[in-house]
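Trainee: Provided herewith is a single structure, encoded as structure tokens, for subsequent inquiry.
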Amino acid sequence: MTTPEDIYTEPPADPDTLANLGPLRPMAGIWEGMKGVDVKPKKEGPKTQVYVEHYELQPIDAQTNGPQLLYGLRYHTYIHKPGLTKMYHDQVGYWLWEPATGTVFHTLAIPRGQVAMASGRVKSGDTQFTLSAERGSLVNGIVSNPFIERAFTTLAWNITVKINPDGTWSYDQDTVMQIQGQAEPFHHTDRNTLTRVGEPGLNPLAMG
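Here the sequence shown stands for residues 1 to 208, where the numbers follow this note's numbering.
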């Protein structure tokens with residue numbers, strides 16, 4: 001997509017975000033996943049850990065960057081080990097849909113000192129899509145704190161989402177890391193299926 005000459009004029013936006021989320025609409029709401037599986041690096045080798053996930057996605061008002069129009073969901077996912085309340089993983093960010101280009105953007109920030117944005121081309125009615133981020137990219141990149149950058153260099157991050165016929169949705173993600181002292185990259189994988197336990201609210205403009 002070429003950049004328009006007029007980079008300031010904002011387009012009209014529908015106040016009802018839920019009606020304009022494209023492929024992200026089925027993900028809006030409050031979810032739980034009881035059978036997550038994480039394969040992570042340890043000194044002794046890969047370790048598989050099961051986890052429980054609480055994932056909330058709520059609509060935000062439409063966002064504009066001049067002529068660019070985005071509809072989205074603000075999310076927070078909290079993960080713990082079965083039977084425990086201690087945080088295993090915490091993550092916040094946005095899922096964004098750009099109707100004009102058919103692009104989904106997924107941002108994350110985690111309290112380990114790392115942020116990233118993955119993106120991919122998606123059709124409005126798609127029930128499966130993959131988003132990717134790469135170290136060094138200025139448009140779908142990964143930024144880490146100095147220790148992670150040195151010891152667990154994150155080369156790429158890919159996430160595939162599937163909207164399932166039974167109303168659940170699943171993700172399968174692969175974080176590729178070059179770990180200090182190892183010759184080959186390590187694939188840190190996570191996957192889970194989420195079941196709705198609560199409906200989404202309305203974005204502020206849709207409340208009238």
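Note that CB positions come from ideal geometry on N, CA and C, so glycine has one too.
Relative to the C-alpha of TRP169, which residue among TYR51, THR160, THR175 and MET177 is closest?
Mentor: Nearest of TYR51, THR160, THR175 and MET177 to TRP169, Cα basis: THR160.
Trainee: Return the first residue and the last residue of the beta strand (DSSP E) that PRO11 is part of.
Mentor: Counting along the chain, PRO11 falls outside any beta strand (DSSP E), and DSSP gives it neither H nor E.
Trainee: Using only CA atoms, which one of ALA118, VAL115 and TRP97 lies nearest to THR125?
Mentor: According to the sequence displayed, residue 125 carries Gly and not Thr. Nearest option by C-alpha distance: TRP97.
Trainee: With H, G and I counted as helix, E and B as strand and the rest as coil, what does DSSP make of ARG135?
Mentor: It is coil, neither helix nor strand.
Trainee: Relative to the C-alpha of VAL139, which candidate in PRO185, PHE105 and LYS123 has its C-alpha closest?
Mentor: Here the closest residue by C-alpha is PHE105.
Trainee: Relative to the alpha-carbon of HIS187, which residue among GLN91, THR103 and PHE152 has its alpha-carbon at the smallest distance?
Mentor: Residue PHE152 is the option with its Cα nearest to HIS187.
Trainee: Name the one or two DSSP bridge partners that THR107 has.
Mentor: Looking at the DSSP assignment, THR107 forms a beta bridge with MET117.
Trainee: Where DSSP assigns a beta bridge to THR77, which residues make up the other side?
Mentor: TYR55 and GLN91.
Trainee: Taking the alpha-carbon positions, what's the PRO23 to TYR78 distance?
Mentor: Taking the straight line joining both Cα atoms gives about 23 Å.
Trainee: Considering only the alpha carbon of each residue, which of ALA100, ILE110 and GLU199 lies closest to THR2?
Mentor: Looking at the Cα atoms, ALA100 is the closest of the given residues.
Trainee: Quick check on GLU98: does DSSP put it in helix, strand or coil?
Mentor: DSSP places GLU98 in strand when its eight states are reduced to three.
Trainee: Starting from ARG112, trace the alpha helix (DSSP H) both ways and give me its first and last residue.
Mentor: It is not in any alpha helix (DSSP H) - ARG112 carries neither H nor E in the DSSP assignment.
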